[in-house]
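Numbering (this note's numbering), first residue to last: 53 to 532.
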Ligand code: BES
Ligand code: ZN
């Protein structure tokens, strides 16, 4: 009898512990959101510490999910943390940039053009359908783990087909989820300790764990990255810096996979030169093709480099695309995990925030409603431009010799420019700000001269010149 009471007691206590373990977790979130949750659910959240605009919290699962509930299908999120100590130390860390900002340049015209010509939307469709076919990639489901292994096999097959032995794969196990992440590495030939990374999440979510097709969110981003990999390998790409491709676990429950990986990189003092996130690339919801997310969770310096790339490579012709800017204003995807550690991070997105795919996080997020992969193909092009120019290699550039260059000096409210190889007139000049707004335009200029820029407030700008042949020459400048 005594024994029975004991076992009942043990059962009850362990039941309690178990329930607690399952129902409550540590996280960081905006202080403002934490306070609002606490006002509405005094027993459902403890605010452990607050630093600036961030709070470390201990929160009940269903209460945390009200954050999602607030904004129909997604919204201001939280970042899951393994322990109280990690949540608190995270908000107290003052992340310093581990490196100096690079002055990125655009020099690899010939090779980039070859790669852009190779992008094939059909391949993107194939990968999206392969991932959608798992039925669900909810992080706790066996299918999610299988999706990572199948993706590894797919990427591995691309490397094998290209006869590459300098490409390696790692399946990364996590603490916060049974689903692993995948990392593919092409080791840099000259600066292997500098990393250039693109990534996206491989998991999906809906309120029914067994049916979460996640075609746009985010099979599209993984398919975009997969096509970047295919093109690079098929074109015998050998970077100087190390290039990595990441498919994360469990983004949908609080950036779990990317947060653990970015934390490891930071703790190991890894020099990540720049990071670009692909999450939702196939729904063409806005007038413009690509919306550069410009908020506190992305890096202005890198955003403007993406704008420079698009001005240079995608202004006219077969690979033309248009862009704008938008904002999440919360840690809406995995780029936030990198940015939080002081790394440069950007998030080019399928549409302006409010024009994006309305079916995400529902059973209706299927390929047939998201697009035909031509939209996602534009992101593959931007991904290729980013990787090739940032992880620059020495051997393949043939274009520099005849490349027109521009020198820019800002003096006394004037932009003084000189375009070296331009014979005759400059057709046009557009000045673009960090929010992708065209703030000033001029036409029919001389090859060197001055432009009055007294209307421009302090900030970083891109000057995009077009020569008589319509070729663009792009450079950024700073107004103090
Ligand atoms: N792909 C979404 C993020 C997104 C959706 C960005 C729509 C822009 C427009 C991502 O997978 C997601 O759902 N994120 C969560 C936050 C995360 C920390 C759990 C969200 O937005 O609620
Ligand atoms: Zn997503």
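C-beta: ideal position from N, C-alpha, C; glycine also.
Just so we're clear, the structure is a prediction, and the values are computed from it rather than from any experiment.
Continuous beta strand (DSSP E) assignments of at least 3 residues falling wholly in the segment 224-268: 233-238, 243-253
Cβ separation of residue 512 and residue 281, assumed to be a contact under 8 Å, to the nearest whole Å: Your numbering for residue 512 matches position 460 in the chain shown. Your numbering for residue 281 matches position 229 in the chain shown. No, residue 512 and residue 281 are not in contact; Cβ-Cβ is about 31 Å, not under 8 Å.
Closer than 8 Å to chain B by CB, residue 409: Given the protein chain composition of this structure (a single chain), no chain B is represented.
Own chain residues within Cβ distance below 7 Å of residue 371, not counting five before or after: As a first step, residue 371 is located in the chain shown; it is residue number 319 there, counting from the start. Non-local beta-carbon contacts of residue 371 in its own chain, meaning distances under 7 Å to residues more than five positions away in sequence, involve 168, 365, 433 in chain order.
Cβ shell of residue 442 (< 7 Å), same chain only, five flanking positions each side left out: In the chain shown, counting from the first residue as 1, residue 442 sits at position 390. For residue 442, where only same-chain residues beyond five positions count, the Cβ hits under 7 Å are 156, 248, 325, 326.
Contacting residues, own chain, Cβ-Cβ under 6 Å from residue 530 (five flanking each side not counted): Sequence index remark: in the chain shown, residue 530 carries index 478 (1-based). Only 512 meet the Cβ criterion.
Any beta strand (DSSP E) of 3 or more consecutive residues that is wholly inside the segment 310-336: 323-329
Beta-bridge pairing of residue 533 - partner residues as DSSP gives them: Residue 533 is absent from the structure shown; the chain starts at 53 and stops at 532.
7 Å Cβ shell around residue 246 - same chain, five flanking residues per side excluded: Walking along the chain shown from the start, residue 246 turns up at place 194. Closer than 7 Å at the Cβ level, and outside the excluded window around residue 246, lie 240, 293, 294, 323, 325.
Pocket of the ligand ZN defined by Cβ to heavy atom distance under 5 Å: 269, 270, 331
Bridge partner(s) assigned by DSSP for residue 299: Here residue 299 corresponds to residue number 247 of the chain shown, with the count starting at 1. DSSP output for residue 299 lists 234, 252 as bridge partner(s).
First through last residue of the beta strand (DSSP E) which encompasses residue 519: Position 467 of the chain shown, counting from 1, holds the residue named residue 519. Element bounds for residue 519: 511-519.
Integer-rounded CB distance, given that residue 232 should sit under 8 Å from residue 224: To locate residue 224, count along the chain shown from 1; it is residue 172. To locate residue 232, count along the chain shown from 1; it is residue 180. Residue 224 to residue 232, Cβ: 6 Å. Contact.
Proximity below 8 Å, CB of residue 468 to CB of residue 497: Taking the chain shown and counting its residues from 1, the one referred to as residue 468 is at position 416. Taking the chain shown and counting its residues from 1, the one referred to as residue 497 is at position 445. Result no, Cβ atoms of residue 468 and residue 497 do not sit closer than 8 Å.
Proximity test, residue 344 beta-carbon vs the ligand BES heavy atom, cut-off 7 Å: As a working note, residue 344 is residue 292 in the chain shown. No, the ligand BES has no heavy atom inside 7 Å of this Cβ.
Exposure label - residue 400; buried when at least 16 CB within 10 Å: To locate residue 400, count along the chain shown from 1; it is residue 348. When all chains shown are included, residue 400 counts as buried.
Opening and closing residue of the alpha helix (DSSP H) in which residue 168 lies: By 1-based counting over the chain shown, the position of residue 168 is 116. Counting along the chain, the alpha helix (DSSP H) containing residue 168 begins and ends at 161-170.
Beta-carbon proximity of residue 111 to residue 76, cut-off 8 Å: The residue labelled residue 111 in the question sits at position 59 within the chain shown. The residue labelled residue 76 in the question sits at position 24 within the chain shown. In this structure, residue 76 lies closer than 8 Å to residue 111 by Cβ.
Euclidean distance between Cα positions of residue 267 and residue 507: Counting from one through the chain shown, the residue named residue 267 turns up at place 215. Counting from one through the chain shown, the residue named residue 507 turns up at place 455. Cα to Cα, residue 267 sits roughly 44 Å from residue 507.
Bridge-paired residues (DSSP) for residue 79: As a working mapping, residue 79 is identified with position 27 in the chain shown. Answer by DSSP bridge pairing, in chain order: 109, 132.
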